[in-house]
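If you're matching positions, the sequence shown starts at 994 in our numbering and goes up one per residue. Structure record follows, encoded as structure tokens.
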Amino acid sequence: MNKIPKESLRSARWFAPDDLRSFGHRSRAMQMGYGPEDWAGKPVIAIINTWSDINPCHTHFKQRVEDVKRGVLQAGGFPLELPAISLAEQYVKPTTMLYRNMLAMETEELIRSHPVDGAVLMGGCDKTTPGLVMGALSAGLPFVYLPAGPMLRGNWKGQVLGSGSDGWKYWDERRAGKITQTQWLEVEAGIARSHGTCMTMGTAATMMGITEALGLTLPGASSIPAPDASHPRMSAACGRRIVDMVWEDLTPARMLSRASFDNAIAVAMAMGCSTNAIIHVVAMSRRAGEHCTVGLDDFDAASRRVPVIANIRPSGDKYLMEDFYYAGGLPALMNRLSPHLKLDAMTVTGRTLGENIAGAEVYNDDVIRPLANPLYAEGALAVLRGNIAPGGAVIKPSACAPQYLKHTGPALVFDSYPEMKAAVDDENLDVTADHILVLRNAGPKGGPGMPEWGMLPIPLKLVKQGVRDMLRLSDARMSGTSYGACILHAAPESYIGGPLALVRTGDLITVDVAARSIHLEVSDAELATRRAAWVAPAPRYERGYGWMFSRHILQANDGCDFDYLETSFGAPVAEPDIY
């Protein structure tokens, strides 16, 4: 291994000079009980930890950070834990998406402003993965991502329960009067049995897998269940590896390429990924630089080409992430997917993706299907365009009823979630299974933060008739654990005057997934009349972070980053002055 000189360590700017300011740095480090033996000539490693008391996905991070430190010390580095905002998906309102970019900003500035040479990023809960990676990409120092890992399977009376997916399923059964309150509470107690992220192929599992496909984790790291004994060993290995990455000067700029992001998209399709993957990967690619940038069309093209081979719910019908791990995990899936991957892409191991996955085996062909026997030949995601969503809208064909892949129906329009919620619980609502439920003012600015409201509940009247799916259209997102004929991310959003704002109840909307089209059957002249009469809604915020968010957030098709944080916005930020 060719090592950079000790004098070139970034942290040496703080600790090495013989001046008054460095005297202060060293003396304050000694105040904490450290000595020159801890830092002198050693890589200083930031461990960006998103643990908190209220994040069940990251409960184990309180211990895992000690495992990372152990690995850093084993490799001759100096570990420093730097806590960051936790973004607990289950509790943060109105949505963690409002704060993904805050975590990205915090990560970037934590790394830049402190005397560190590299970083281990500890995340997993949905928005923590893209937030951490976006910030670290902008900071530019060597880093390795440590995924939290999925929780164990849920269980109720011997039936396997999947995060989110079975919550929606049994809620509809309760609404229909088919399970009791006591049974509902039993499901509540059995669906989340350990620390770790959702164990369906939701956004957390999707983004952990995508980050491994990008080459930013150690091989196989994204599939390890959080409670498994392999997880602390992997955590220590992350600590050891980042020290070597610093010596090798293996920065993201030297490692990531357009091939890395093409691989990430292909793997996402094969996994039957969350729809949220599009927003996050677009944003991450734009942080990596213009040579890496991908867009909606890249996802749609990959969806037509790459089969879904991970039989994991909600796209699959049986298995969960624990089963995926036992079947060989992501290295096995990627090895099987090799014809669709660019195997020369570099990774944090210092080796290529092809080298990392060589020899990885599949141990259960029903969990990770052969390419010749996929779960779906294509269609993990599809991007629809038309006069109602010129910037694009997203649907997950692999998780919706086939009769809705080509459908024309009347719109039933709601301007807010409370309005919609009250209506769908009204058994006298004038609605049929042919209607298309439309929710607007739920996008990046309108939500605010683009909440996961897009899986609109089926009207109670229809639930009692046995209906379990229907077309739904919004500028919102939906949970990666959700399913159904939900058309999401309509751009531009209605709150800023996108065409969705012009739809009226009774208007016919035509959806043709195969043709990738969505069309509002209203004349251009009538739409122009409606636009002239449209009145912009009142601002969501008049001060604070939300005020800033509203002025700088990009639309869904552009990744929902802040405009001024994208790499293309301006010149790179210089190293901080030390005086």
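The C-beta atom is built at its ideal place from N, Cα and C for all residues, glycine as well.
Subject >> Beta-carbon proximity list for Glu-1283, same chain, < 8 Å, skipping 5 on both sides >> reply: Result list for Glu-1283: Thr-1560 and Ser-1561, in chain order.
**OP:** Hey, could you find the ends of the alpha helix (DSSP H) Gln-1152 is sitting in?
**Re:** That residue, Gln-1152, is in no alpha helix (DSSP H); its beta strand (DSSP E) goes 1152-1154.
Subject >> Backbone CA spacing between Met-1098 and Gly-1128 [nearest angstrom] >> reply: Met-1098 and Gly-1128 have their alpha carbons spaced roughly 6 Å apart.
Original post:
What number of angstroms, rounded off, separates the C-alpha of Arg-1470 from the C-alpha of Leu-1455?
Top reply: The alpha-carbon atoms of Arg-1470 and Leu-1455 are separated by roughly 23 Å.
Original post:
Are the Cβ atoms of Ile-1217 and Ala-1386 separated by less than 8 Å?
Top reply: Cβ atoms of Ile-1217 and Ala-1386: not closer than 8 Å.
Subject >> N- and C-terminal bounds of the alpha helix (DSSP H) containing Ala-1263 >> reply: In the DSSP assignment, Ala-1263 falls within the alpha helix (DSSP H) that extends over 1251-1264.
**OP:** Output the boundary residues of the beta strand (DSSP E) element that contains His-1482.
**Re:** Element bounds for His-1482: 1479-1484.
**OP:** Could you say if the segment 1100-1109 and the segment 1035-1044 meet the contact criterion of at least three C-beta pairs nearer than 8 Å?
**Re:** Using a C-beta cut-off of 8 Å, the segment 1100-1109 makes contact with the segment 1035-1044, since at least three inter-stretch Cβ pairs fall below that distance.
Subject >> Nonlocal neighbours in the same chain, by C-beta distance under 7 Å from Tyr-1488, ignoring five residues either side >> reply: Here the set comprises Asn-1434, Gly-1436, Lys-1438, Gly-1439 and Pro-1530.
Subject >> Closest by C-alpha distance to Ser-1267, when choosing among Phe-1555, Tyr-1557, Met-1201 and Gly-1442 >> reply: Ranking the options by Cα distance to Ser-1267, first place goes to Met-1201.
Original post:
DSSP state of Trp-1446, grouped into three classes?
Top reply: DSSP places Trp-1446 outside both helix and strand once states are collapsed to three, so it counts as coil.
Original post:
Cβ atoms of Val-1275 and Asp-1468: under 8 Å apart, would you say?
Top reply: Cβ atoms of Asp-1468 and Val-1275: not closer than 8 Å.
Original post:
Could you check where the beta strand (DSSP E) with Val-1346 kicks off and where it finishes?
Top reply: Per the sequence presented here, residue 1346 reads as Leu, with Val not at that position. Boundaries around Leu-1346 are those of the alpha helix (DSSP H), 1346-1350, since no beta strand (DSSP E) includes it.
Subject >> Local Cβ density within 10 Å of Tyr-1318, reported as buried at 16 or more and exposed below that >> reply: By the 10 Å Cβ count, Tyr-1318 comes out buried.
Original post:
Where in the segment 1137-1197 do unbroken runs of the alpha helix (DSSP H), each at least 4 residues long, occur, reported from the N-terminal end onward?
Top reply: Here the runs fully enclosed are 1158-1168 and 1174-1183.
Original post:
Residues in its own chain within less than 7 Å of Trp-1007 by CB, not counting five upstream and five downstream?
Top reply: If we look at Trp-1007 and ignore the five residues flanking it on each side, its Cβ neighbours are Ser-1015, His-1018, Pro-1108 and Ile-1571.
Original post:
How about Leu-1145 and Met-1192: are their beta carbons less than 8 Å apart?
Top reply: Using a Cβ distance threshold of 8 Å, Leu-1145 and Met-1192 count as a contacting pair.
Original post:
What are the start and end residues of the beta strand (DSSP E) that includes Asn-1042?
Top reply: Where Asn-1042 is concerned, the enclosing beta strand (DSSP E) starts and stops at 1037-1042.
Original post:
Bridge partners of Met-1339, per DSSP?
Top reply: DSSP lists Thr-1345 as the bridge partner or partners of Met-1339.
Original post:
Rounded to whole angstroms, how far is the Cβ of Leu-1096 from the Cβ of Leu-1125, which I believe are closer than 8 Å?
Top reply: Sure, about 7 Å apart at Cβ, within 8 Å.
**OP:** Measuring alpha carbon to alpha carbon, tell me which of Asn-1094, Pro-1049, Val-1065 and Leu-1080 ends up nearest Gly-1539.
**Re:** Comparing C-alpha distances from Gly-1539 to each of Asn-1094, Pro-1049, Val-1065 and Leu-1080 shows the shortest one belongs to Asn-1094.
Original post:
Which value, in whole angstroms, describes the spacing of the CA atoms of Gly-1269 and Ala-1198?
Top reply: Reading the sequence as shown, one finds Asn at residue 1269 and not Gly. CA-to-CA, the gap between Asn-1269 and Ala-1198 works out to about 11 Å.
**OP:** Please classify Arg-1306: does DSSP put it in a helix, a strand, or coil?
**Re:** Arg-1306: coil per DSSP, three-state reduction.
Subject >> Inter-residue spacing [alpha-carbon to alpha-carbon] between Asp-1427 and Gly-1499 >> reply: Separation of Asp-1427 and Gly-1499 (C-alpha to C-alpha, rounded to the nearest whole angstrom) is 12 Å.
**OP:** Identify which residue in Arg-1536, Leu-1495, Ser-1543 and Asp-1505 has its Cα closest to the Cα of Ser-1516.
**Re:** With respect to the C-alpha of Ser-1516, the residue from Arg-1536, Leu-1495, Ser-1543 and Asp-1505 having the closest C-alpha is Leu-1495.
Original post:
Across which residues does DSSP place Met-1115 in a beta bridge pair?
Top reply: DSSP lists Asn-1042 and Leu-1139 as partners of Met-1115.
Subject >> Minimum C-alpha distance to Thr-1190 - residue among Val-1113, Asp-1418, Leu-1134 and Leu-1313 >> reply: The residue from Val-1113, Asp-1418, Leu-1134 and Leu-1313 with its alpha-carbon nearest to that of Thr-1190 is Leu-1313.
Original post:
What are the complete alpha helix (DSSP H) segments, minimum 4 residues, inside the segment 1376-1444?
Top reply: The DSSP assignment places complete alpha helix (DSSP H) segments of no fewer than 4 residues inside the segment 1376-1444 at 1410-1417, in order along the chain.
Subject >> For Asp-1290 and Val-1376, believed in contact at Cβ under 8 Å, the rounded distance >> reply: Yes, Val-1376 and Asp-1290 are in contact; Cβ-Cβ is about 7 Å, under 8 Å.
Original post:
So, using beta-carbon positions, are Gly-1070 and Val-1236 closer together than 8 Å?
Top reply: Val-1236 sits close to Gly-1070, with the two beta carbons spaced by under 8 Å.
Original post:
Can you tell which of Val-1085, Gly-1208 and Leu-1501 has the C-alpha that lies nearest to the C-alpha of Pro-1324?
Top reply: If we check each option's Cα against that of Pro-1324, Gly-1208 comes out closest.
Original post:
Name the DSSP beta bridge partners of Leu-1466, please?
Top reply: DSSP, once it has assigned bridges, lists Val-1431 and Ile-1480 as partnering Leu-1466.
Subject >> Identified DSSP bridge partners for Val-1504 >> reply: Val-1504 is bridged to His-1400 and Ile-1511.
Subject >> For His-1273 and Pro-1123, believed in contact at Cβ under 8 Å, the rounded distance >> reply: Pro-1123 to His-1273, Cβ: 4 Å. Contact.
**OP:** Specify the secondary structure class of Glu-1559 as computed by DSSP and reduced to three states.
**Re:** In this structure, Glu-1559 counts as coil in the three-state DSSP scheme.
**OP:** Identify which residue in Ser-1156, Leu-1405 and Arg-1057 has its Cα closest to the Cα of Asp-1423.
**Re:** Minimum Cα distance to Asp-1423 is reached at Leu-1405.
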